[in-house]
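Asker:
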Amino acid sequence: MSQSLLEVRDLAVAFRTYIGEVQAVRGVSFDLNKGETLAIVGESGSGKSVTSKSIMRLLAKNAKIRSGEIRFEGENLAAASERRMQSIRGSEISMIFQDPMTSLNPTMTVGKQIIEVLKKHRKLGGAEALAKAAELLGLVGIPSPEKRVKQYPHQLSGGMRQRVVIAMALACSPKILIADEPTTALDVTIQAQILDLMKRIQEETGTSIILITHDLGVVAESAARVAVMYAGIIVETGTVDELFYEAKHPYTWGLLASMPKLHEKTSELTAIPGTPPDLMFPPVGCPFAARCPHAMEVCVAKMPDYTAHSDTHSAACWLQDPRAQKAAAATGASLGGER
Amino acid sequence: MKRYIAKRIVYLVLTLFIITTATFFLMKNLPGTPFDEEKLALLTQDQRDQIYASYGLDKPVIVQYVNYIGNIVQGDLGTSIYYTGQDVKDIIVDRIYPSALVGLQAILLGTVIGLILGVLAAYRHNSGWDYAAMIVSVLGVSIPNFVLAALLQYYIGLKWGILPVAFWESYDSSVLPSVALSFGVIAIIARFVRTEMLEVLQQDYIVTAKAKGLGQMAILSRHAVRNSLIPVITILGPIVVNLLTGSLVIENIFGIPGIGSLFVDSIKTNDYATIMGVTIFYSAFYVVVMLLVDILYSLVDPRIRLGSGRE
Chain P
67 MSQSLLEVRD
77 LAVAFRTYIG
87 EVQAVRGVSF
97 DLNKGETLAI
107 VGESGSGKSV
117 TSKSIMRLLA
127 KNAKIRSGEI
137 RFEGENLAAA
147 SERRMQSIRG
157 SEISMIFQDP
167 MTSLNPTMTV
177 GKQIIEVLKK
187 HRKLGGAEAL
197 AKAAELLGLV
207 GIPSPEKRVK
217 QYPHQLSGGM
227 RQRVVIAMAL
237 ACSPKILIAD
247 EPTTALDVTI
257 QAQILDLMKR
267 IQEETGTSII
277 LITHDLGVVA
287 ESAARVAVMY
297 AGIIVETGTV
307 DELFYEAKHP
317 YTWGLLASMP
327 KLHEKTSELT
337 AIPGTPPDLM
347 FPPVGCPFAA
357 RCPHAMEVCV
367 AKMPDYTAHS
377 DTHSAACWLQ
387 DPRAQKAAAA
397 TGASLGGER
Chain S
14 MKRYIAKRIV
24 YLVLTLFIIT
34 TATFFLMKNL
44 PGTPFDEEKL
54 ALLTQDQRDQ
64 IYASYGLDKP
74 VIVQYVNYIG
84 NIVQGDLGTS
94 IYYTGQDVKD
104 IIVDRIYPSA
114 LVGLQAILLG
124 TVIGLILGVL
134 AAYRHNSGWD
144 YAAMIVSVLG
154 VSIPNFVLAA
164 LLQYYIGLKW
174 GILPVAFWES
184 YDSSVLPSVA
194 LSFGVIAIIA
204 RFVRTEMLEV
214 LQQDYIVTAK
224 AKGLGQMAIL
234 SRHAVRNSLI
244 PVITILGPIV
254 VNLLTGSLVI
264 ENIFGIPGIG
274 SLFVDSIKTN
284 DYATIMGVTI
294 FYSAFYVVVM
304 LLVDILYSLV
314 DPRIRLGSGR
324 E
């Protein structure tokens, strides 16, 4: 318990819209330990970004944390004042965004944008801050940083800009780095470089990382533990090995199956049939039931509890319920169970 | 940058030359003469020829044109016919001060208030502030400034007697016309800034700024407002020209001896030299302001590099 840097408990977030309330996150719980990388995986709209933004309290105005706690070193961020959040953001917890093309201010030199953080949290000013900004750019692998600090974002390539964003996030050596799809907008070759950079930084600084992604390839490469989100709920969580080799939830199976494989010569991609449920009217039972090839009556009627498979591995699926032991075994073997 | 500005100045001179030429010949096609026809009829042919000759109007139009261009190049705008014997350059200099003072005050007032309203409206989007600012904006656009001028004159000038109703006597005389003119500016700027701000506030880099731990004020002043101002500079160019060169209606209502009324009077009286002088002055002012706007643009937005490609 003392190891946990961040404990999220039963977090629920809803968005008010003109036609109703969207339950984007519906009771999410997870822990983040010191120095580890936790990946949150899921498709668009699964609530993974909303979860990460809730931690930083960066949600849009029409969003509201309905219930739950976000404990950072024991302090509940869900109830913290805006002032307190400002002192945490960029200093204790930092964030890297998806699109480096738009996440930097185009009319400000990258140096100034980094200095802003240093000024705010470290009270550094003038030459000292500029030197530190250049040092940070060097740290994230930008060549001739003294020259680059004086440049504007449009003078840098996409990969370079993402390095700047990372440098900015690292400026105050945060305890947690939240990376929201940090490589999605980048070329594949640059993606690997950025992931390597993040890995190296973690080794050097010991910061914990929450990696939000929909790319299982990225997960395999950089995370230690994974939480799979679907329709605002974590459906399965475990170590990378447990998830890739012993996945228990049919949704995780589907995700794994939909990864394109190089050694198979099929031209068609495997997809999970159907679409996620409408979160304005979330289903009472398991949200995946409608798309699940193994769905049972109970799945539609009642949300399953988490079943633990090891200290680190658990899944929310009726197939894993002790009372459904036989069915699980049967479906596991034949993938054709009806009941 | 330097090469770009040099190039622009060449174009600028060329533009002015074309405007001058076109105006000159169009003006010569105006019906009537600069003189009082009735009084002219009382004179002998000899005397009439003498008057024409003294203004150089006896020569063919093309010769007059060449002479005129020759004079302009030497900085001579000729002498007025209506204001007998006065140098057009002196008349313009005399008349520009009231117009420029009123215009400048209107722009400053309008821009500052417009900016505040626009920023407030965007920042408190869909709130009472927003609606109030937009109502002011719609009123500012739709109420003609002469209606407003009359209201100001009646209440502030006449009823309460705080400021002079009209005429150009002291600095106080410039306040009411400036206020009357500023409403239009407030309306345009507020609307523009609001739209731009709303867009900028949606940008990812605003979230980034927030994620850095910056407070609301820092985000607004350092990131949002500055970036919303870039397009505003574009509309500010024509507004500056319009107001600094005088508003005919406002100058008439308040009895201000400004350049707007000079221009209209010069056309009514066929005062050739004055028409040309004011036209050249207007156009020169316009193109110079436009050049300044473009330069300002590149200073505010580093993505715009004048005249060359990247870096």
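So the protein sequences, as listed, match chains P and S. Throughout the first sequence, residue numbering follows this note's numbering, covering 67 to 405 in sequence. Throughout the second sequence, residue numbering follows this note's numbering, covering 14 to 324 in sequence. Even for Gly, the Cβ is constructed at its ideal location relative to N, Cα and C.
#1: Verify whether the separation of the beta carbon atoms of A381/P and T373/P is less than 8 Å.
#2: Would you mind working out which of I121/P, V79/P, K127/P sits nearest E139/P, comparing C-alpha positions?
#3: Determine, for E182/P, whether the minimum Cβ-Cβ distance to residues of chain S falls below 8 Å.
#4: Is the CB of T221/S under 8 Å away from at least one CB in chain P?
#5: Excluding the 5 residues flanking V188/S on each side, which residues of the same chain have their C-beta closer than 8 Å to its C-beta?
#6: Near A337/P, what residues of its chain come up, given a Cβ to Cβ distance below 8 Å and the 5 sequence neighbours on each side ignored?
#7: Going by CA-CA distance only, name the one from E158/P, Q221/P, K114/P that's closest to M234/P.
#8: Measure the alpha-carbon distance for L137/S versus Q164/P and round it to whole angstroms.
#9: Work out the CA separation of P47/S and Q99/S for me, nearest whole Å.
#10: Can you give me the C-alpha to C-alpha distance between K186/P and S160/P, rounded to a whole angstrom?
#11: Leaving out five residues before and five after L77/P in sequence, what residues of the same chain have Cβ atoms less than 8 Å from its Cβ?
#12: Check whether the region 263-276 of chain P and the region 298-314 of chain P touch, using three or more Cβ-Cβ pairs below 8 Å as the test.
#13: Taking the Cβ atom as the reference point for each residue, do S93/S and V106/S lie within a distance shorter than 8 Å?
#14: Residues in the same chain with beta-carbon distance under 7 Å from S400/P, minus the five sequence neighbours each way, listed in chain order, please.
#15: Name the DSSP beta bridge partners of D97/P, please?
#16: Between T124/S and I248/S, is the Cβ-Cβ spacing less than 8 Å?
#17: Within its chain, find whatever has a CB closer than 7 Å to the CB of P219/P; leave out the 5 residues flanking it on each side and keep chain order.
#18: Using a Cβ-Cβ distance cut-off of 8 Å, determine whether D217/S contacts chain P.
#19: Give the residues of chain S in contact with R92/P, contact being defined as C-beta atoms less than 7 Å apart.
#20: At what residues does the alpha helix (DSSP H) containing K204/S begin and finish?
#21: Looking only at its own chain, which residues have a Cβ that is under 8 Å from the Cβ of Y24/S, when we skip the five neighbours before and after it?
#22: Could you list the residues in the region 297-323 of chain S with a C-beta less than 9 Å from some C-beta on chain P, going in chain order?
#23: Kindly indicate which residue of D281/P, R229/P, L263/P has the alpha-carbon position closest to the one of T250/P.
#24: Buried or exposed for H360/P, going by 16 or more other Cβ atoms inside 10 Å?
#25: Within 8 Å (strictly less), CB to CB, does Q89/P reach chain S?
#26: For a contact defined as C-beta to C-beta under 8 Å, what are the partners of P133/S on chain P?
#27: For my contact list, I278/P and I106/P are in at a C-beta cut-off of 8 Å; report their separation, rounded to the angstrom.
#28: State the beta-bridge partners of T305/P as determined by DSSP.
#29: Would you mind reading off the limits of the alpha helix (DSSP H) that contains F138/P?
#30: Can the beta-carbon of K314/P be found closer than 8 Å to that of C358/P?
#31: Run through the region 317-402 of chain P for me and flag every whole beta strand (DSSP E) of 3 or more residues, listed as ranges in chain order.
#32: Let me check understanding here. Comparing Cα to Cα, which of G45/S, L29/S, F30/S lies closest to Y285/S?
#33: Between which residues of its own chain and V88/P is the CB-CB distance below 7 Å, once the five residues before and five after are set aside?
#34: Helix, strand or coil for T292/S, going by three-state DSSP, please let me know.
#35: Cutting at 8 Å between CB atoms, please list the residues of its own chain near R61/S, excluding the five before and the five after it.
#36: Taking C-alpha atoms, which residue in I272/S, P315/S, Y184/S, P190/S lies nearest to Y167/S?
Answerer: Quick look at the numbers:
#1: Yes, Cβ-Cβ distance for A381/P and T373/P is below 8 Å.
#2: Checked all of I121/P, V79/P, K127/P; the closest Cα to E139/P is I121/P.
#3: Yes, because at least one Cβ of chain S sits closer than 8 Å to the Cβ of E182/P.
#4: Among the residues facing chain P, T221/S is included, as its CB has a counterpart in that chain under 8 Å away.
#5: Taken in chain order, the residues that qualify are Q118, L176.
#6: Its chain contains S324 as the residues whose beta carbon lies nearer than 8 Å to that of A337/P, once the 5 sequence neighbours on both sides are disregarded; these appear in chain order.
#7: Minimum Cα distance to M234/P is reached at E158/P.
#8: The sequence given here has Arg at residue 137/S, not Leu. Answer to the nearest angstrom: the Cα atoms are 27 Å apart.
#9: Near 15 Å, if we compare the C-alpha coordinates of P47/S and Q99/S.
#10: If you take the alpha carbons of K186/P and S160/P, they lie about 13 Å apart.
#11: V91, G93, V94, S95, T117, S120, I131, S133, G134, E135, I136, A144.
#12: Contact between the region 263-276 of chain P and the region 298-314 of chain P is absent, because fewer than three Cβ pairs lie under 8 Å.
#13: No, the Cβ-Cβ distance between S93/S and V106/S is not below 8 Å.
#14: With a pLDDT of only 40 at S400/P, under the threshold of 50, the placement of this residue in the model should not be trusted; the figure read from the coordinates follows. The answer is none, since no qualifying residue turns up.
#15: D97/P is bridged to E73/P.
#16: No; because the gap between Cβ atoms is not below 8 Å, this pair is not in contact.
#17: Taken in chain order, the residues that qualify are L170, P172, V176, R227.
#18: Yes - at least one Cβ of chain P is within 8 Å of the one on D217/S.
#19: Within 7 Å Cβ-Cβ: nothing; R92/P doesn't reach chain S, min ~24 Å.
#20: At residue 204/S the sequence reads Arg, which differs from the Lys that was named. Note, R204/S: alpha helix (DSSP H), 188-214.
#21: Within the same chain, no residue comes within 8 Å of Y24/S by CB-CB distance, once the 5 residues on both sides are set aside.
#22: Cβ contacts with chain P: V313, D314, P315, R316, R323.
#23: Ranking the options by Cα distance to T250/P, first place goes to D281/P.
#24: Answer is buried; the Cβ neighbour count reaches 16.
#25: By the rule that beta-carbons nearer than 8 Å mark a contact, Q89/P does not touch chain S.
#26: The sequence as given places Leu at residue 133/S; Pro does not occur at that position. Ordered by position in chain P, no residue passes the 8 Å Cβ test against L133/S, which lies about 16 Å from the chain.
#27: About 5 Å; that satisfies the 8 Å criterion.
#28: According to the DSSP secondary-structure assignment, T305/P is paired through a beta bridge with R291/P.
#29: Per DSSP, F138/P belongs to no alpha helix (DSSP H); it is in the beta strand (DSSP E), 129-138.
#30: Against a cut-off of 8 Å, the Cβ pair of C358/P and K314/P comes out as no contact.
#31: For the beta strand (DSSP E) assignment, the uninterrupted runs of no fewer than 3 residues enclosed by the region 317-402 of chain P are, from N- to C-terminal side, 372-374, 380-382.
#32: Put simply, of G45/S, L29/S, F30/S the residue whose alpha carbon is nearest the alpha carbon of Y285/S is G45/S.
#33: Non-local beta-carbon contacts of V88/P in its own chain, meaning distances under 7 Å to residues more than five positions away in sequence, involve A80, F81, L345, M346 in chain order.
#34: Of the three classes helix, strand and coil, the one that applies to T292/S here is helix, per DSSP.
#35: Contacts found: L53.
#36: Comparing alpha carbon positions, the residue from I272/S, P315/S, Y184/S, P190/S closest to Y167/S is P190/S.
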